[in-house]
Amino acid sequence: MLPEQRGKPGYEGNLNQRVVPMAQVLKDAGYRTLMTGKWHLGVQEEHSPATRGFDQSYVLVHGGSSHWSDQAGIVAVDPAKPPKAIYRENGKAVDVPKDFFSSDFFTTRLIDYIESGKDSGKPFFAYLAFTAPHWPLHAHDVDIAKYEARYKDGYDALRRERLERMKKLGLVAPDTPVFEGHPSWPKWDSLSDAEKASEARRMAVYAAMVDNMDQNIGRMLDYLKKTGQLDNTFIFFLSDNGADGNSVYDVARTREWIHKDMDNSIAHIGKSGSYAEYGPGWAQVGSTPFRMYKSFMYEGGIAVPAIAWGPGVRRGAVKSAMAHVTDIAPTLFELAGTRHPGTEYQGKPVLPLRGKSMLPYLQGKASAVRGETDTVGWELGGRKALRKGDWKIVFSNAPWGTNDWELYNVAEDRSESRNLAAANPQKLGEMLVAWRDYVRETGTLEIPGLADRPGYSNGAKYYEDLKYEAALEPRAAR
């Protein structure tokens with residue numbers, strides 16, 4: 008967040024008092040409200056989950072940190088003062104245990120919370136916000152070993168392999184093109200052997216993180232089944248954004264800190280004391296068949312998979328109807344038989360819900376979540392988008408986009424390879440009117456030139472750092 012945005016309505020940097028949080032609504036409806044994992048909605052104690060509706064919580068208050076017990080933070084303002092992550096349990100600062108690994112610990116703690124209230128007679132709402140597979144890339148050796156050889160052919164080959172498999176499964180149209188990436192990103196064959204080895208190790212660790220997360224989801228499901236609660240529990244799983252090809256090395260003085268204090272030699276990546284990301288090449292594999300990745304409003308940045316399971320939910324169906332994160336709260340409220348308070352809560356004005364319940368769609372009673380005239384908008388760091396029916400407009404700064412509004416029919420071109428802005432000015436104009444309505448309704452800030460400024464999503468130095476780190480000897484040998 009940049010100075011022109013900070014503190015403005017909707018850009019406060021915390022879960023502001025103009026909204027009634029989902030946990031509070033469910034708590035008022037008689038639910039026990041439980042959370043473990045990433046919070047990232049305010050650092051101070053007064054902004055913790057304990058003050059926003061959660062009965063029990065153990066959270067990382069920042070956007071990410073080491074997944075091991077060292078509690079290394081993620082952004083360094085001063086390399087001489089290593090950042091340390093803050094964890095809070097029920098609002099109070101705590102240090103994590105010595106055997107801490109994020110996904111293992113968060114799952115165990117949430118199971119403990121559920122178990123501790125089993126005799127309360129109350130239903131529960133449990134939010135398990137894994138920080139994996141967010142950088143820095145860390146995983147258990149036993150999980151990394153499963154993937155050591157998987158990624159040695161590189162990101163270019165794997166991206167094509169995945170796209171072809173999607174076509175055979177009928178998940179994408181037969182003519183869906185592969186997104187070749189930006190010209191500043193090197194092709195796999197242009198990397199040195201050491202750079203390829205470092206890249207393959209990074210992706211192996213990333214895969215191991217996802218594997219471990221899956222194991223922990225299995226542990227949670229096993230617990231619910233063993234205690235007779237699984238068949239009466241609604242489960243919703245999703246990612247918070249597309250694959251991440253950005254580099255935190257470009258934020259503040261983080262690069263200096265990592266090079267000074269961390270060991271990113273190839274064999275050490277994934278262990279405590281390492282701090283690695285996986286870069287644009289692998290991120291574009293993760294985004295297949297879409298264009299770009301996190302921080303961009305193309306589909307690769309905002310389209311994520313979701314899995315719903317529970318009583319009355321259609322089993323085994325793969326659907327592509329669009330839903331939005333704002334639709335989660337009304338869905339859970341409908342399941343719980345309660346309602347959002349509207350525009351007033353405890354005598355104070357609050358913002359109403361913007362989303363729609365997905366429940367009729369999930370139960371097979373509706374063909375879509377949103378209608379052809381419904382709009383959904385996005386803005387992050389000056390990059391913008393709006394979706395209305397099958398149409399979408401996107402603004403992205405050069406060199407990643409055209410530095411002007413682009414128009415796509417995502418029903419026919421989900422990979423956003425055919426910009427129709429010049430060919431269909433009438434539709435573009437209609438969408439821009441809808442965008443201005445969205446800006447007015449939500450208070451979205453439009454600041455000229457803003458998209459060019461965040462180093463995190465405009466940096467092009469990942470491969471310079473890769474070259475440097477691929478040549479490193481283990482720290483003990485230096």
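Per the working numbering, the sequence shown starts with residue 8, numbered consecutively.
We put the CB at the ideal spot given by N, CA and C, even for glycine.
Given the structure is predicted, the values throughout are model-derived calculations rather than measurements.
Practice prompt. Identify the continuous beta strand (DSSP E) that holds residue 383 and give its terminal residues.
Written response: 382-387
Worksheet item: Do three or more CB pairs link the segment 238-254 to the segment 274-281 at distances below 8 Å?
Response: no
Discussion item. So, at 6 Å on beta carbons, what are the nonlocal neighbours of residue 151 in its own chain, with the 5 sequence-adjacent residues on each side left out?
Written reply: 211, 212, 215 and 277
Discussion item. If the criterion is Cβ atoms closer than 8 Å, does the pair residue 27 and residue 44 meet it?
Written reply: no
Fill in: Identity of the residues DSSP links to residue 416 by a beta bridge
398
Worksheet entry | Beta-carbon proximity of residue 251 to residue 300, cut-off 8 Å | yes
Discussion item. Just list the residues that DSSP pairs residue 101 with in beta bridges.
Written reply: 94
Worksheet item: Should residue 428 and residue 413 be called a contact, given that it needs their Cβ atoms to be closer than 8 Å?
Response: yes
Fill in: residue 135 - containing beta strand (DSSP E), residue span
131-136
Item to complete: In the DSSP assignment, find the beta strand (DSSP E) that holds residue 31 and state where it starts and stops.
Response: Counting along the chain, residue 31 falls outside any beta strand (DSSP E), though it belongs to the alpha helix (DSSP H) covering 29-35.
Practice prompt. Have a look at 347, 20 and 290 and flag the residue whose alpha-carbon is nearest the alpha-carbon of residue 70.
Written response: 20
Discussion item. Whole angstroms are fine: how far does the CA of residue 204 sit from the CA of residue 158?
Written reply: 9 Å
Fill in: Outcome for residue 475 when other beta-carbon atoms lying within 10 angstroms are tallied against a minimum of 16
exposed
Worksheet item: In the structure shown, what three-state DSSP assignment does residue 24 receive?
Response: coil
Worksheet entry | residue 453 - DSSP class collapsed to helix/strand/coil | coil
Worksheet item: Does the distance from the CB of residue 417 to the CB of residue 397 come in under 8 Å?
Response: yes
Practice prompt. Kindly indicate which residue of 319, 12 and 334 has the alpha-carbon position closest to the one of residue 370.
Written response: 319
Discussion item. As an exercise, report each continuous beta strand (DSSP E) stretch of at least 3 residues that is fully enclosed by the segment 295-363, in chain order.
Written reply: 313-316
Fill in: Euclidean distance between Cα positions of residue 162 and residue 302
20 Å
Fill in: For residue 485, the three-state DSSP class (helix, strand or coil)
Residue confidence for residue 485 is low, a pLDDT of 47 falling below 50, so the modelled location carries little weight and cannot support an answer.
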